[in-house]
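The next block holds one structure in the form of structure tokens; read it before the comments.
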Amino acid sequence: MTQSGIYTNSPRQDQVQRPFTAHMATASRIRIAVPYFTRDSEILQAAARGAKVELLVGLNKSTNPSALRRVLDSPNCVVRYFTDGFHAKVFLFDGVVMLGSANLTEGGMASNREAVLVLDQPGDEDRILDIELFFAQVWDSAEVLTLQVFKQFRDAWDKASRLSNPDTPFQVLRDVEPPTVLSGSGHKSAEQHYLSDLQKSIYEEYSPAFADVSGVLRDRGVRRPEFAELGLAVETNRFLNWVRLEHAIGDASWQEAPLRPEAERRRIVESLAEQWISTTTPHIPDDYFQLLSELRKVMATPESIRASDHDQLAHALICVHAFKQQLRFTKGGEEALPTKFWKLNQGDLLRVQNSLIYLVHGSDDFAERICGVLYDQRYKLGAFGRFCALELVGTLKPEQVPPINGRMAKALRFLGFDVRAA
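Per our numbering, the sequence shown runs over residues 109 to 530.
Structure representation (structure tokens):
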């Protein structure tokens, strides 16, 4: 915009939507926090042209679930939420701030009388930084909008439209509020903190990064013949494994790698992909495809897991790299690993079967299921960490989560993705 000013939706030409639509059309990074959300068109257009969008909304009767779902399903968009206690309206566009009373609704953008200030002039830098810090704080304290939470919200919204007390249905949602001056506001247990952090890692870091790499392999038609009959996620897993072992050698290689823009990351992945299809050292174990077939057979259904014995379950898990990595700390090597696994799980076949059925075939949010096998005494598994769970379920159901382990995460970090690798 040519000058900063106040936009009020008055009869004159100072509608809030003018600066909003102008910046939405050009900004490469867009951050929006609004308690009420119904207008998604500009966000979808920005995401389609490659802009990165972070949207923080309130889950309430004034947020439209259809618009929210379209953003949730859109590439380049991440969504977090509060259920109460949040009333600020903040828009950030590549260092430009729009701040005031307008929600991202038709009323806020056009028909309601609003008061919105745009900061985009020399001398505004300190105030812009303050708003950016404020957004970072509330963004960090918000929760990831998972598909399960969205469905709860959509059902509550549908019920609210038919009731005389429209707030009642939303009580089914777990309270998520930003920290305020009120005592105890925003308090979380250690397990809730872990779950929140895990959801952010899976849905906002690992999944988009893995999808970007898979997209390059797909778009370039880069497939090794060994994987012709297997899903692309399996080959992406092995490609990243190869990147780590052949190119991201040593911890310094990924720890000191710079974060890279999307175009540069794509060029690097394209170059490495061409090497991948012709390399004679792909670092694929001789028995990998046999073990993968066994894993899929044993874990295919709750019934197949229930029908498997101690040896069959442990042998199937050997295909999971993150599980097999424990060989480094297991005296006696691969033959001793099943014994170690069952010893740490008290040899309880029924309990391990129940845990694996819950993890692989459960209907809860995937991150919640990981927390279950790590924390919940009903499902807790010994010798089975978060990367074991991620890689296991990702190998079997890549539509839910990518088959990521620690080695893959380090490869993604080496390639320039902003992911946590430890």
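For every residue, glycine included, the Cβ atom is placed at its ideal position computed from N, Cα and C. All values reported here derive from a predicted model rather than from experimental measurement.
CB-CB length for residue i against residue j, believed under 8 Å
i	j	result
Phe522	Val351	7 Å
Val224	Val124	5 Å
Val532	Val187	Because the chain in this structure spans residues 109 to 530, residue 532 falls outside the shown range and cannot be described.
Ala341	Pro506	3 Å
Thr254	Arg147	In fact, because the Cβ distance is near 23 Å, the residues do not count as touching under 8 Å.
Leu464	Val501	About 10 Å; that fails the 8 Å criterion.
Glu285	Asp192	5 Å
Ala130	Asp202	That belief does not hold up - the Cβ atoms of Ala130 and Asp202 are roughly 12 Å apart, past 8 Å.
Ala156	Cys185	Not really, about 10 Å apart at Cβ, beyond 8 Å.
Residue of the options minimising C-alpha distance to residue i
i	options	result
Phe495	Arg373, Gly358 and Asn345	Asn345
Gln256	Tyr311, Glu233, Arg235 and Ser269	Tyr311
Leu367	Ala408, Arg528, Glu251 and Ile465	Arg528
Ile413	Gly166, Leu457, Ser149 and His429	Leu457
Pro173	Pro277, Ser297, Phe145 and Lys197	Phe145
Ser401	Thr389, Tyr466 and Cys427	Cys427
Gln153	His355, Cys479, Met132 and Arg262	Met132
Glu343	Leu325, Asp359 and Ala356	Leu325
Asp228	Arg477, Ser309, Leu237 and Ala250	Leu237
Ala141	Ile512, Phe190 and Gln383	Phe190
Ser272	Lys169, Thr503 and Thr389	Lys169
Gly208	Ala135, Asp148 and Gly113	Gly113
Ala365	Val280, Ala519 and Ala210	Ala519
Asp234	Ala408, Val204 and Asn211	Val204
Leu200	Glu222, Asn220, Ala244 and Ser249	Ala244
Glu334	Tyr396, Tyr483 and Arg137	Tyr396
Ala356	Gly524, Val280, Phe258 and Thr503	Gly524
Local Cβ density within 10 Å of residue i, reported as buried at 16 or more and exposed below that
i	result
Gln307	buried
His301	exposed
Ser322	buried
Ala517	buried
Asn117	buried
Tyr314	buried
Glu411	exposed
Glu499	buried
Ala424	buried
Gly216	buried
Ile512	buried
Leu489	buried
Other residues of its chain near residue i: CB distance less than 6 Å, five sequence neighbours each side excluded
i	result
Arg332	Ile385
Ser291	Note that Ser291 scores 43 on pLDDT, short of 50, meaning its location in the model is unreliable; the coordinates nonetheless yield the value given after this. Contacts found: none.
Val330	Ala381 and Ile385
Pro277	Ala264, Lys267 and Ala268
Leu403	Ala424 and Cys427
His469	Pro410
Nonlocal neighbours in the same chain, by C-beta distance under 7 Å from residue i, ignoring five residues either side
i	result
His195	Pro143
Pro127	Met109, Tyr115, Met206 and Val226
Arg515	Asn349, Arg352 and His429
Gln434	Leu445 and Ala491
Arg328	Glu378 and Ala381
Lys432	Ile426
Contact test: residue i Cβ vs the ligand NAD heavy atom, cutoff 6 Å
i	result
Asn220	This structure lacks the ligand NAD, and indeed carries no ligand of any kind.
Neighbourhood of residue i by C-beta distance below 8 Å, restricted to the same chain and skipping five residues each side
i	result
Gly175	In the sequence as presented, Gly is not what sits at residue 175; that position holds Ala. Phe145, Thr146, Arg147 and Asp148, listed in sequence order.
One or two residues paired with residue i in a DSSP bridge
i	result
Ala141	Leu164 and Val198
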